[in-house]
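Engineer: Chains A and E, in that order, give the protein sequences.
Each residue of the first sequence is one higher than the one before, counting from 76 in this note's numbering.
Each residue of the second sequence is one higher than the one before, counting from 76 in this note's numbering.
There are 2 protein chains.
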Amino acid sequence: METAEETHDEVPTITTVARLANVSVASASRVLNGIRTSPDTAARVTRAAEAIGYVPNAAARSLRSRRTGQIAFAMPDVGNPVYTAMVASIQEVARAQGLRLMLHSTGADAEDELAMVRDLKHRFVDGLILASLDLTDAHADELRHAAVPVVVIGRPTKDTPVDSVRAHSRKGAADAVRHLHDTGRRRIALVNGPEHTAPGSSRRLGYLDGLRSCGLPREEALIAVGEDFMAGPGREATDRLLEEERPDAILAANDLLAAGALAALHLWGLDVPRDVALVGMDNSALCDVTWPALTSVDLGSAERARLAAELLLERIEEPEREPRVVGVDPQLVVRASSVVVA
Amino acid sequence: METAEETHDEVPTITTVARLANVSVASASRVLNGIRTSPDTAARVTRAAEAIGYVPNAAARSLRSRRTGQIAFAMPDVGNPVYTAMVASIQEVARAQGLRLMLHSTGADAEDELAMVRDLKHRFVDGLILASLDLTDAHADELRHAAVPVVVIGRPTKDTPVDSVRAHSRKGAADAVRHLHDTGRRRIALVNGPEHTAPGSSRRLGYLDGLRSCGLPREEALIAVGEDFMAGPGREATDRLLEEERPDAILAANDLLAAGALAALHLWGLDVPRDVALVGMDNSALCDVTWPALTSVDLGSAERARLAAELLLERIEEPEREPRVVGVDPQLVVRASSVVVA
DNA sequence: CACCTTCTTGTAAACGTTCTCAGTAATCCT
DNA sequence: AGGATTACTGAGAACGTTTACAAGAAGGTG
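Structure follows, in structure tokens:
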């Protein structure tokens, strides 16, 4: 009556609930947040809230409580199955905690990554998981002053005080080379992505490690580099390789490059695996989709993402703890592309 | 001096800026939001803000202005290249508008989709783009009362008052069949996903349309149905098909199914396209990765997503406008999997 | 019975913005 | 020169929560 403000279509707020339940907003808030109250008020508030379909306003809540209930994941490329696997993994742990997930695809652009970290100052999110191929000093700087916790998937520069989780891709690449050697291959080529990136350089090192441990000679001509880690460049790099060389095996630095390599090999009329064995890295969803199915080094993407998410949650709880670095061991998954079945 | 509260490490707020620039918070806010002020205050505020690296707090801003600057995209499966293409597209228009993008993968679970729509009441987002395979009456109900604008990618039930954008996949499927007929195929099979879903049913209809318009007989035995739209089921369905039939062409209801079909065909020792021509749908990134490259019907995923985003933005601006339904015409993209090169 | 706990509650102050309103100074017109 | 418009500003009230604090009620103890 009082103000004829009794129009019913307004979005209900906690005040509405409180009034309806005949308690103060404080009590209503307490009930709604599971803080101890008398069973009587609890019941009244719950019933009132249910009756009018009350839902707390996210903005008001985060303004006051300084928690947004959101985390963000920034990755180089949504199109890459590795990252979608990570997304799935992160979403799982986020959901278990009742957190929302904000996604951002950076295009592997450093400036974009930095902008993302800077944007955290808006505090639209409680934490960030940043997957990056190439962490520069600029990153280190920015990360040092990040407004909210950040966990990095990749390899931060030496003294970046930040939690991170890394793949041991060097070891993985070496394992792959040994597998190829074990199955009788002797001219093993590498189709790599840009070697200034962390994955590019460590996979190259791993490849060389592998050759060395098998007693195979190192030949630069057997290394072809694509301009990024995607299928197109993989195909072109393989093409260039085949014009000059006759490898009997190819290690590709990731599955997309491997898919491109496969296309090139088919075009050259080479049989996989008889003429050339092929191994990818990442063990992504792609592996079961190609023909032949792709042998690949599992770098534990899903696992790494899960770990990153957990590290993030822990740091959000406890911001002052020592930064931790965790790693996941690679594991070779053998499929049809690397072994000839009798 | 006053309260020794001058500790410098606090996060700067607009009050800090105002004090530093010697103006009221109101003026500071005006400058920061590009509302007309005297050049003098403008300069002072801008300088102050820059000096202390002020960034407005997202929660406070949305609480007051009732805009979050975020939109959400909910899709069945992040792993599916079609949806990642959509994500990329949406992110592009979001970024152009300075909006953040929140992602959610529903696993094509109706309950999860409904929960997402209900969650909008929290108002953590200004609008939602919902891609769904199967829009039920429950969806219609929930959508009718959605707290913020929703645009649907898919086919809402008749009288759901909501903007939507749809693919004309029925026509696309028919086109594909005609293409196969034109290139000499006569026993054209369909590898479909679940037929109770919108895409499943319309692709079946399109397939039948195609057969009819080519004067080919309809044979139920040439239709195999997988339990979802992914590669595994595609392979199994194709396997079952090949045990009974000898099709000389297969239309797969999407590219993932097609990838599975390809694996099955290879296993049966059949050459693609010589023995069996294969056409997928969606024209996703997968098409260039398979061998042979996959002919596919482009259903304009990127375009549809872009349209959806634009519809959403327009509706956010103007909530009362009439709901619109827009469509995108399919286009066949011929690659190696459907035509034998001489 | 007086006192001290322990529970439960309401009041009111934040949180950091935006925005209405009213007031003052400056400019324009006739 | 006087009034009318215009341009700019500051005070202060929202926005919808959570939470520190104090106060009242209930229960326990000597």
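We put the CB at the ideal spot given by N, CA and C, even for glycine.
Here the structure is a predicted model, which means the values were calculated and not measured.
Taking Cβ-Cβ distances below 8 Å as the criterion, which residues of the segment 156-171 of chain A are in contact with chain E?
Structural biologist: 156, 159, 160, 162, 163, 166
Engineer: With DSSP run on the structure shown, which of helix, strand or coil describes residue 82 (chain E)?
Structural biologist: Residue placement at residue 82 (chain E) cannot be trusted, given a pLDDT of 41 that sits under 50; what the coordinates show is reported in the next sentence. In the three-state DSSP reduction, residue 82 (chain E) falls in the coil class, being neither helix nor strand.
Engineer: Is residue 214 (chain A) close to chain E? Criterion is C-beta to C-beta, closer than 7 Å.
Structural biologist: no
Engineer: Tell me whether residue 357 (chain E) is buried or exposed, calling it buried when 16 or more other Cβ atoms sit within 10 Å of its Cβ.
Structural biologist: buried
Engineer: Just verifying my parser: in three-state terms, what is the DSSP assignment at residue 145 (chain A)?
Structural biologist: strand
Engineer: Of the choices A:304, A:317, A:321, whose alpha-carbon is the least far from that of residue 334 (chain A)?
Structural biologist: For residue 334 (chain A), the closest alpha carbon among the candidates A:304, A:317, A:321 is that of A:304.
Engineer: Between residue 124 (chain A) and the rest of its own chain, which residues show a CB-CB distance below 7 Å, the 5 nearest in sequence each way excluded?
Structural biologist: 92, 107
Engineer: So that I know if they touch, is there some Cβ in chain A lying closer than 7 Å to that of residue 153 (chain E)?
Structural biologist: yes
Engineer: With residue 161 (chain E) as the anchor, note down where its alpha helix (DSSP H) starts and where it stops.
Structural biologist: Judged by DSSP secondary structure, residue 161 (chain E) falls within the alpha helix (DSSP H) whose first and last residues are 156-171.
Engineer: So, under 8 Å CB-CB, residue 229 (chain A) and residue 210 (chain A) are touching, yes? Tell me the CB distance rounded to an integer number of Å.
Structural biologist: Going by Cβ atoms, the distance from residue 229 (chain A) to residue 210 (chain A) rounds to 6 Å, so yes, they are a contact pair.
Engineer: Just tell me which of A:271, A:371, A:205 has its CA closest to the CA of residue 152 (chain A).
Structural biologist: A:205
Engineer: Tell me the DSSP secondary structure of residue 211 (chain A) in three-state form.
Structural biologist: coil
Engineer: Taking Cβ positions only, does residue 366 (chain E) come closer than 7 Å to chain A?
Structural biologist: yes
Engineer: If we require 3 or more residues per run, which beta strand (DSSP E) segments fall completely within the segment 373-410 of chain E?
Structural biologist: Counting whole runs of 3 or more residues, the segment 373-410 of chain E contains the beta strand (DSSP E) stretches 400-403, 406-408.
Engineer: Report the CB separation of residue 251 (chain E) from residue 285 (chain E) in whole angstroms; it is logged as a contact under 8 Å.
Structural biologist: 7 Å
Engineer: Please list, in chain order, all residues of the same chain as residue 129 (chain A) whose beta carbon is under 6 Å from its beta carbon, the five residues on each side excluded.
Structural biologist: Taken in chain order, the residues that qualify are 87, 92.
Engineer: Please say whether residue 324 (chain E) and residue 255 (chain E) have beta carbons closer to each other than 7 Å?
Structural biologist: In this structure, residue 324 (chain E) lies closer than 7 Å to residue 255 (chain E) by Cβ.
Engineer: Tell me where the beta strand (DSSP E) around residue 298 (chain E) begins and ends.
Structural biologist: 298-300
Engineer: Leaving out five residues on either side along the sequence, give the residues of the same chain with a beta carbon under 6 Å from the beta carbon of residue 102 (chain E).
Structural biologist: 116
Engineer: Please report whether the beta-carbon of residue 132 (chain E) lies at a distance below 7 Å from any beta-carbon of chain A.
Structural biologist: Judged by the 7 Å Cβ criterion, residue 132 (chain E) is in contact with chain A.
Engineer: In terms of residue numbering, what span does the alpha helix (DSSP H) encompassing residue 139 (chain E) cover?
Structural biologist: Per DSSP, the continuous alpha helix (DSSP H) segment holding residue 139 (chain E) begins and ends at 133-140.
Engineer: Need the endpoints of the alpha helix (DSSP H) that residue 256 (chain A) sits in, please.
Structural biologist: Taken as a continuous stretch (DSSP letters only), the alpha helix (DSSP H) holding residue 256 (chain A) covers 244-257.
Engineer: Sorted by chain position, which residues of the same chain lie with C-beta nearer than 7 Å to residue 85 (chain E)'s C-beta, five sequence neighbours on each side aside?
Structural biologist: none
Engineer: Spell out whether any CB of chain E is found under 7 Å from the CB atom of residue 174 (chain A).
Structural biologist: no
Engineer: How would you list, in chain order, the residues of chain E whose beta-carbon sits under 8 Å from the beta-carbon of residue 180 (chain A)?
Structural biologist: 162, 163, 166
Engineer: In the segment 188-213 of chain A, which residues sit with their C-beta less than 7 Å from some C-beta in chain E, listed in chain order?
Structural biologist: Here the close residues are 196, 197, 198, 199.
Engineer: Apart from the five residues on each side of it in sequence, which residues of its chain come closer than 8 Å, Cβ to Cβ, to residue 321 (chain A)?
Structural biologist: 262
Engineer: So which of E:392, E:370, E:137 has the shortest CA-CA distance to residue 258 (chain E)?
Structural biologist: E:370
Engineer: Does the separation of the CB atoms of residue 240 (chain E) and residue 401 (chain E) fall below 7 Å?
Structural biologist: Cβ distance < 7 Å, so residue 240 (chain E) and residue 401 (chain E) count as in contact.
Engineer: I'd like to know whether the C-beta of residue 82 (chain A) is nearer than 7 Å to at least one C-beta of chain E.
Structural biologist: Below a pLDDT of 50, predicted positions are generally treated as unreliable, and residue 82 (chain A), at 40, falls in that range; the measurement from the model is reported next regardless. Residue 82 (chain A) does not count as touching chain E.
Engineer: Give the range of the alpha helix (DSSP H) segment to which residue 191 (chain A) is assigned.
Structural biologist: 185-194
Engineer: Give the single residue among E:100, E:350, E:96 whose Cα lies nearest to the Cα of residue 122 (chain E).
Structural biologist: Closest option to residue 122 (chain E), judged by alpha-carbon separation, among E:100, E:350, E:96: E:96.
Engineer: Apply the 10 Å Cβ neighbour rule to residue 172 (chain A) and answer buried if 16 or more other Cβ atoms are within range, or exposed otherwise.
Structural biologist: exposed
Engineer: Below 7 Å between beta carbons is the criterion; list the residues of the segment 331-353 of chain A that meet it against any residue of chain E, in chain order.
Structural biologist: Cβ contacts with chain E come from 334, 337, 338, 341.
Engineer: Nearest to residue 160 (chain A) by alpha carbon, out of A:395, A:386, A:397, A:379?
Structural biologist: A:379
Engineer: In or out: residue 327 (chain E) buried (at least 16 other Cβ within 10 Å) or exposed?
Structural biologist: The residue in question, residue 327 (chain E), is buried, as its Cβ has 16 or more Cβ neighbours within 10 Å.
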